[in-house]
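Structure record follows, encoded as structure tokens.
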Amino acid sequence: MNLLSTGKVLSTLLLALAAAALFDWLHTPLPWMLGPLVATGLASVLGMPSLSWNPLRNAGQCTIGVALGLYFTPQVGLLILNMGWAIAIGVLCTLGMGWVMASWLHRMHHLNRATTWFASAIGGASEMTLLAERAHGRTDLVAAAHSVRILIVTLVVPFGMQFSGLHGLDVNTPQATREFDMWGLIGLGALAASSACLMQRLDRANPWFLGPLLAAMLLTLLDLHWSTVPKWMTNAAQLLIGVSLGVRFTPNFIHTAPKWLGSVALGTLGLIGMCIALALALAWGSGLHPATLVLGTAPGGIAEMAITAKVLQLGAPVVTAFQVCRLMTVLVMVGPLFRWLYAEDATASP
Numbered sequence: 015m016n017l018l019s020t021g022k023v024l025s026t027l028l029l030a031l032a033a034a035a036l037f038d039w040l041h042t043p044l045p046w047m048l049g050p051l052v053a054t055g056l057a058s059v060l061g062m063p064s065l066s067w068n069p070l071r072n073a074g075q076c077t078i079g080v081a082l083g084l085y086f087t088p089q090v091g092l093l094i095l096n097m098g099w100a101i102a103i104g105v106l107c108t109l110g111m112g113w114v115m116a117s118w119l120h121r122m123h124h125l126n127r128a129t130t131w132f133a134s135a136i137g138g139a140s141e142m143t144l145l146a147e148r149a150h151g152r153t154d155l156v157a158a159a160h161s162v163r164i165l166i167v168t169l170v171v172p173f174g175m176q177f178s179g180l181h182g183l184d185v186n187t188p189q190a191t192r193e194f195d196m197w198g199l200i201g202l203g204a205l206a207a208s209s210a211c212l213m214q215r216l217d218r219a220n221p222w223f224l225g226p227l228l229a230a231m232l233l234t235l236l237d238l239h240w241s242t243v244p245k246w247m248t249n250a251a252q253l254l255i256g257v258s259l260g261v262r263f264t265p266n267f268i269h270t271a272p273k274w275l276g277s278v279a280l281g282t283l284g285l286i287g288m289c290i291a292l293a294l295a296l297a298w299g300s301g302l303h304p305a306t307l308v309l310g311t312a313p314g315g316i317a318e319m320a321i322t323a324k325v326l327q328l329g330a331p332v333v334t335a336f337q338v339c340r341l342m343t344v345l346v347m348v349g350p351l352f353r354w355l356y357a358e359d360a361t362a363s364p
């Protein structure tokens, strides 16, 4: 990274820090993530120099992954195991919601099925863009759609939770330990980094989040408690993730098919509405609080929804389990489903 890039990264971080402090003073939900996201997003759209450094984003995801993994005590693991049926229903309904949105986008814009299908699938943006490219879809529109979806869900859902007074309900899922130990934290960091590198080498989705999450989860399920993650570290991690989301929204991004972006935004609000209905139904059958299930089924990113659950104390391990299972299922199923539902489009030439 050259001197100019270093200056952009530092100025972006200073802007993000100021925005986080402002949002904290305003008592907004998730100030350390939403403040940087909004500030850097606006700065990027206005053409101001802003830049996110990937290693910092990876460090943020790694930290959040470890912090969430520490929730998975044996008792919590048993709770989630008993909720397997609800997770399975949530995953299947998510695939159905993606199909509904894809059909609507196809009707509205008459684009090929690959573009609308992979733009609507509630999975990782990079993975869906790659699958769209292989199926001869418009990768620019697919990537833009996922950026808009993540932005809207990350902003709408936490504010909705706070304004409805739904927080502090996380009474049955405490972390395994509240004790900080420096050497234990160093050990967690080494384990997390190693697991992230392994996941990356295996070419798995979201390696810097899922690797540390699974490593810390396994450690805690085995009833081994090395250290808690200090709050200042999780706040810094949220800031880095917020910056990485905000810098995507450049002036060129806004000029990318504005009607398409508007339709995706409207469709995302529809997805949120469908997820709320699904969460209410699952809450009736499972006894879990609807707020936890809204976050578990929400069409946002794993890290963003899990952070929301952690900060607002809304059942972070349950939310994480729902989101991880959905991501894994979507990554495995979305390609074969496309080829099955749209056989002619799947075999068509570009």
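Counting with my numbering, you get residues 15 to 364 for the letters of the sequence shown. Note that the Cβ used here is the ideal one computed from N, Cα and C, for glycine as well.
### His160, DSSP secondary structure in three states
helix
### Query
Which residues mark the beginning and the end of the alpha helix (DSSP H) in which Thr322 is found?
316-326
### Task
Go ahead and label Ala53 buried or exposed: buried means 16 or more other beta carbons lie within 10 angstroms of its beta carbon, across all protein chains shown.
buried
### Message
I'd like the list of long-range same chain contacts for Leu106, defined as Cβ closer than 6 Å, with 5 residues on each side in sequence excluded.
### Response
none
### Query
So, Val344 versus Gly137, is the Cβ gap smaller than 7 Å?
yes
#### Entry: Whole-angstrom distance between Val261 and Met319, CA atom to CA atom
19 Å
### Message
What would DSSP say about Asp154, mapped onto helix, strand or coil?
### Response
helix
### Cβ-based burial, Val375 [other Cβ within 10 Å; buried from 16]
Since the first and last residues shown for the chain are 15 and 364, residue 375 lies out of range.
#### Entry: Same chain only: Cβ atoms within 6 Å of Val346, ignoring 5 sequence neighbours per side
none
#### Entry: Enclosing alpha helix (DSSP H) for Ala100 [first to last residue]
98-123
### Message
Using a 10 Å radius around the Cβ and a threshold of 16 neighbouring Cβ atoms, would you call Trp246 buried or exposed?
### Response
exposed
### Query
Buried or exposed: Ser208, going by 16 or more other Cβ atoms within 10 Å of its Cβ?
exposed
### N-terminal and C-terminal residue of the alpha helix (DSSP H) that Pro45 is part of
45-59
### Query
What separation, rounded to the nearest whole angstrom, lies between the Cα atoms of Gln75 and Val338?
14 Å
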